[in-house]
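Quick note: to get our numbering, add 1 to the position in the sequence shown (first position is 1). Report on one structure; see the data block that follows.
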Amino acid sequence: MRVVGIDPGLRNLGWGVIDAEGSRLTHVANGICHSDGTDLAVRLLSLYRQLNEVLARYAPDAAAVELTFVNKDGAGTLKLGQARGIALLVPAQFGLAVGEYAPNTVKKTVVGVGHAQKVQVAHMVRIQLPGIEIAGPDAADALAIAICHAHHVRAPAALREVGT
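Have a look at this one:
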């Protein structure tokens, strides 16, 4: 199963693609979509086009996106939500089911602690996907989201196998 993880952001939208075969995870690619322009609509269109290119190029079987948390800045939260809409829309256009995970769930799955720092997340991504070059913190988060999804999808399948 090929999984794309997406870390939504209006300026920088991180993405990471992994292959999951049983318990083995393999890095395929990662990067950051940078929005262009100052107009919100143009920035969203820029992210949409770039993420479309990623999915067309790497042809994932599944997608996972981080849930947005509400912060003190309502306008900022709304803008992030719009970028998250792009992160949900593009995989749906490719016919993919999209898993959604809270940041604490991603951190707990990848690091073992729900309140891990970004540096710890990137470190554990490097351990689970040895030898990779990570394009930046947003790409590291996206890879962590993909890893989280691979583990959560695999767990029910493993339980079904044990029950047979």
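The C-beta atom is built at its ideal place from N, Cα and C for all residues, glycine as well.
{"Check": "Counting Cβ pairs, one atom from each stretch, are 3 or more of them under 8 Å apart for the region 117-135 and the region 77-92?", "Outcome": "no"}
{"Check": "Using 8 Å for Cβ pairs, my map puts V29 next to W16. What's the rounded Cβ distance?", "Outcome": "That belief does not hold up - the Cβ atoms of V29 and W16 are roughly 11 Å apart, past 8 Å."}
{"Check": "What are the boundary residues of the beta strand (DSSP E) that includes T39?", "Outcome": "Careful: T39 lies outside any beta strand (DSSP E) and carries neither H nor E."}
{"Check": "Going by Cα to Cα distance, which pick from H124, I7, V154, E67 is closest to T106?", "Outcome": "E67"}
{"Check": "For A93, does the count of other Cβ atoms within 10 angstroms reach 16, so buried, or fall short, so exposed?", "Outcome": "exposed"}
{"Check": "Give the secondary structure of G164 by DSSP, where H, G and I count as helix, E and B as strand, and everything else as coil.", "Outcome": "For G164, the predicted structure reports a pLDDT of 44, less than 50, and the residue's modelled location is therefore unreliable. The matter cannot be settled from this model."}
{"Check": "On the three-state DSSP scale, how would you describe A57?", "Outcome": "helix"}
{"Check": "Can you list, in chain order, the stretches of the beta strand (DSSP E) that have 3 or more residues and sit fully within the region 60-115?", "Outcome": "63-67, 99-102"}
{"Check": "Can you tell me which of A60, L41, S24 puts its alpha carbon nearest to the alpha carbon of R12?", "Outcome": "L41"}
{"Check": "With I19 and L26 assumed to form a contact (beta carbons below 8 Å), what rounded beta-carbon distance in angstroms separates them?", "Outcome": "5 Å"}
{"Check": "Per DSSP, H28 forms a beta bridge with which residues?", "Outcome": "I19"}
{"Check": "Can you tell me which of the three DSSP states L11 falls into?", "Outcome": "coil"}
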